[in-house]
Amino acid sequence: MRHVSSVLTLLLVSILFNSCAFFNKINDKLFPYRATTVEEITQAPAVKPKAPVKAPNEEVAKPKHSTAATKQTTPPIQKTPYKPVVSPLREFRAAWIATVANINWPSKPGLSTEEQKTEALGILNYLQENKFNAVIFQVRPQADALYKSDIEPWSYFLTGQQDRAPMPFYDPLTFWIEESHKRGMELHAWLNPYRAHHTTGKEISKRSVVRTNPERVYLLKEGYWWMDPAMKATQDHTSRVVMDIVKRYDVDGIHFDDYFYPYPSYNGDKDFPDDKSWNDYINSGGRLSRGDWRRDGVNKLIERLYAEIKQEKKHVKFGLSPFGIWRPGYPSTVTGFDQYEKLYADAKLWLNKGWIDYFTPQLYWPINKQGQAFPDLLGWWQSENTLQRHLWPGISIGTNKSGVTNNKEVLDEINLTRSMLPKSMGAVHWSVSSLTKNPTLTKELKAGPYSIPALVPASPWLDNIAPASPQVAMNKSKDKLNVQWSSKDKDAASWILYAQYDNRWEYTIMGKHQLNASLQLLSADLAGKTSSLKNIMVTAVDRTGNESEQQIIPVN
33 MRHVSSVLTL
43 LLVSILFNSC
53 AFFNKINDKL
63 FPYRATTVEE
73 ITQAPAVKPK
83 APVKAPNEEV
93 AKPKHSTAAT
103 KQTTPPIQKT
113 PYKPVVSPLR
123 EFRAAWIATV
133 ANINWPSKPG
143 LSTEEQKTEA
153 LGILNYLQEN
163 KFNAVIFQVR
173 PQADALYKSD
183 IEPWSYFLTG
193 QQDRAPMPFY
203 DPLTFWIEES
213 HKRGMELHAW
223 LNPYRAHHTT
233 GKEISKRSVV
243 RTNPERVYLL
253 KEGYWWMDPA
263 MKATQDHTSR
273 VVMDIVKRYD
283 VDGIHFDDYF
293 YPYPSYNGDK
303 DFPDDKSWND
313 YINSGGRLSR
323 GDWRRDGVNK
333 LIERLYAEIK
343 QEKKHVKFGL
353 SPFGIWRPGY
363 PSTVTGFDQY
373 EKLYADAKLW
383 LNKGWIDYFT
393 PQLYWPINKQ
403 GQAFPDLLGW
413 WQSENTLQRH
423 LWPGISIGTN
433 KSGVTNNKEV
443 LDEINLTRSM
453 LPKSMGAVHW
463 SVSSLTKNPT
473 LTKELKAGPY
483 SIPALVPASP
493 WLDNIAPASP
503 QVAMNKSKDK
513 LNVQWSSKDK
523 DAASWILYAQ
533 YDNRWEYTIM
543 GKHQLNASLQ
553 LLSADLAGKT
563 SSLKNIMVTA
573 VDRTGNESEQ
583 QIIPVN
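When you read off a place in the sequence shown, starting at 1, and then add 32, the result is the number in the numbering used here.
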């Protein structure tokens, strides 16, 4: 009896198993959309969703006499896209502040701490008053430091003796950062990656890389000391210096200029004296040409630094300012110096690869300069800007034999940059003294292209999420409206206060720590027409240029 029962059980299981397999095949044919396992999801290649596949047999796939109730679906509510009430002007307005050879600051080595601070505040106040929004401050002119460093010595250009700290003690980089941010301006730390000692740098201290690691540096015929860019030890050292700044200081950017391998004239037009490292490379089996080997060393550093900076602080921008011409013939109208062949700087590659957040080729030629025309070069660099990073050219016209600057050329180049690069406008002025010592140019900039404040253009590849809107309170006192605001959002780096007088909106950009302001209830224009304050808005802007939503607050 038990034997018969077992046989019947096995027979029943077999029938059920075959039935399941049969219905699974039918199910696969009739209902191709089924649940997917986790393993299938994780192992499947990423593909764009396809349009629904029509069932092979409508008569079978859709039963004619279904009694199931039809499910009612509510169409999703379409959210109206956010549109700002006012679109503030976005333009990068910066100036280089060179410390090498005391070009811009401090005016001479060995000034007292207070004298240095007074000069610095004079420069920053000038830039704020004339609506600049960024400072490119040189902190490492010759493998030294205008900040407290355990890696490299204090700069001679600061105190008059290399490795002597300022007295009374202060940290110049901290001071410049804090004072720039108070004024709503970015501070970019500018470093020279390979120059070990400048001809004007006087005595070399025991902590200089020239003394600590003589195997990495070469003395050039004009008196400069230069690190070997191809050496891994040089790349490691430069990376250590850069990342020390990124980690310890609240900088908005890291900036390199055009000094990679030295200009040929620095070594009497002789080749760079790197025979030892070159022979080491060949003996280790290296197959690149000498030029490609040199460029490869620089490329590795640029790519490495971009990755390291982003890993530590994604909002810190990395900017490069190479010589304005990549190679003669690019574009076809261009002639002149070949940085690719002479400085071993493949600047086009860095731009193509997106190893930078902003690119500032030094286009120090007039608009109509034959062989180096400003618009020809700017247009070519933009054609190579395949990842659409910021392209903010460096401009410098200099003076004529009478010491007079061609102010019109400066204004025309700013306007030309705006028309050619409308999505991310900007320019960097070489140098700040060309502005502070030229009152007529200052006046024309303030009355013309820099007449209204501007935000630094946003960098959506770094972050595209806007900060939260601040909380706003206000009260009237006689002829003024007092406005206060606050926010718990730590991303807020600056504020914009908007004011609407009748139908006209105005705005002011303020630093992170300013949390109040006063507005006139009545405003008169140049013609004497009076307008009343109707509405205000306060927004937050984060480190990558994203602005919080604008919310109109009626005054009455």
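Built from N, CA and C at the ideal position, the CB exists for glycine as well. Note that this is a predicted model, so its numbers are computed, not measured.
{"Check": "The segment 486 to 506 in contact with the segment 433 to 449 per 3-pair CB rule at 8 Å", "Outcome": "no"}
{"Check": "Length of the line joining the Cα atoms of Thr232 and Val242", "Outcome": "15 Å"}
{"Check": "Beta-carbon proximity of Lys234 to Asp195, cut-off 9 Å", "Outcome": "no"}
{"Check": "Cα-Cα separation between Asn400 and Gln552, rounded to whole angstroms", "Outcome": "46 Å"}
{"Check": "Endpoints, beta strand (DSSP E) assigned at Asn567", "Outcome": "562 to 573"}
{"Check": "CB-CB length for Ser463 against Ala127, believed under 8 Å", "Outcome": "7 Å"}
{"Check": "Supposed close pair Glu254, Asn299 - CB separation, criterion 8 Å", "Outcome": "7 Å"}
{"Check": "Proximal residues to Lys82 (C-beta, below 6 Å), its chain only, five neighbours per side dropped", "Outcome": "Per-residue confidence for Lys82 stands at a pLDDT of 31, beneath the threshold of 50, marking its modelled position as unreliable; the derived number appears in the next sentence. Cβ within range, chain order: n/a, list empty."}
{"Check": "Neighbourhood of Arg215 by C-beta, 7 Å cutoff - its chain only, sequence neighbours within 5 removed", "Outcome": "Leu156, Gln160, Gly543"}
{"Check": "Same chain only: Cβ atoms within 7 Å of Lys57, ignoring 5 sequence neighbours per side", "Outcome": "Because the pLDDT at Lys57 is just 40, under 50, the model does not fix this residue reliably, and the value given afterwards should be weighed accordingly. The answer is none, since no qualifying residue turns up."}
{"Check": "Where Glu344 falls, given that 16 or more other Cβ within 10 Å makes a residue buried", "Outcome": "exposed"}
{"Check": "Asp290 to Gln193 span [Cα, whole Å]", "Outcome": "26 Å"}
{"Check": "Buried/exposed call for Met569, threshold 16 Cβ in 10 Å", "Outcome": "buried"}
{"Check": "As assigned by DSSP and simplified to three states, the class of Glu416", "Outcome": "coil"}
{"Check": "Residue environment, Phe201, which counts as buried when at least 16 other CB atoms sit within 10 Å", "Outcome": "exposed"}
{"Check": "Continuous beta strand (DSSP E) assignments of at least 3 residues falling wholly in the segment 481 to 536", "Outcome": "503 to 509, 512 to 518, 526 to 533"}
{"Check": "Option nearest Val460 by Cα separation, candidates Ile429, Ser451, Asn438, Lys508", "Outcome": "Ile429"}
{"Check": "Spatially closest choice to Ala177 from Thr145, Asn315, Ser240, by CA coordinates", "Outcome": "Ser240"}
{"Check": "Asp495 to Asp574 span [Cα, whole Å]", "Outcome": "9 Å"}
{"Check": "Straight-line gap, Ala175 to His269 (C-alpha atoms, nearest Å)", "Outcome": "10 Å"}
{"Check": "7 Å Cβ shell around Arg536 - same chain, five flanking residues per side excluded", "Outcome": "Ser563"}
{"Check": "Cβ-based neighbour list, Leu419, same chain, cut-off 7 Å, excluding 5 preceding and 5 following", "Outcome": "Gly386"}
{"Check": "Counted within 10 angstroms of its Cβ, other Cβ atoms place His545 as buried (16 or more) or exposed", "Outcome": "exposed"}
{"Check": "Three-pair Cβ contact test at 8 Å for the segment 402 to 417 versus the segment 344 to 358", "Outcome": "yes"}
{"Check": "Where Lys522 falls, given that 16 or more other Cβ within 10 Å makes a residue buried", "Outcome": "exposed"}
{"Check": "Thr69 classed as buried or exposed, judged by whether at least 16 other C-beta atoms fall within 10 angstroms", "Outcome": "With a pLDDT of 33 at Thr69, under the threshold of 50, the modelled position of that residue is not reliable, and the figure given next carries that caveat. It counts as exposed."}
{"Check": "Straight-line Cα distance separating Tyr295 from Ser187", "Outcome": "23 Å"}
{"Check": "Separation of Thr474 from Phe189, as counted between CA atoms", "Outcome": "28 Å"}
{"Check": "Inter-residue CB distance, Gly368 and His422 (contact presumed, cutoff 8 Å)", "Outcome": "Wrong, their Cβ atoms sit about 25 Å apart, outside the cutoff."}
{"Check": "Top-ranked residue by Cα proximity to Trp424, from Tyr256, Leu409, Val436, Leu375", "Outcome": "Leu409"}
{"Check": "Chain-order list of residues whose beta-carbon lies under 6 Å from that of Lys86 (same chain, five-residue window excluded)", "Outcome": "The pLDDT assigned to Lys86 is 35, lower than 50, so where the model puts this residue is not dependable; a value taken from the coordinates is nonetheless given after this. Excluding positions up to five away in sequence, the list is empty."}
{"Check": "Same chain, Cβ closer than 6 Å to Asp203, five either side skipped, listed in chain order", "Outcome": "Tyr179, Lys180"}
{"Check": "Beta-ladder partner(s) of Trp186, from DSSP", "Outcome": "Ala177"}
{"Check": "Cβ-heavy atom distance, Gln532 to the ligand PLP, below 8 Å", "Outcome": "As far as ligands go, the structure on display features none, and thus does not contain the ligand PLP."}
{"Check": "Minimum C-alpha distance to Lys512 - residue among Tyr539, Gly480, Leu565, Val249", "Outcome": "Leu565"}
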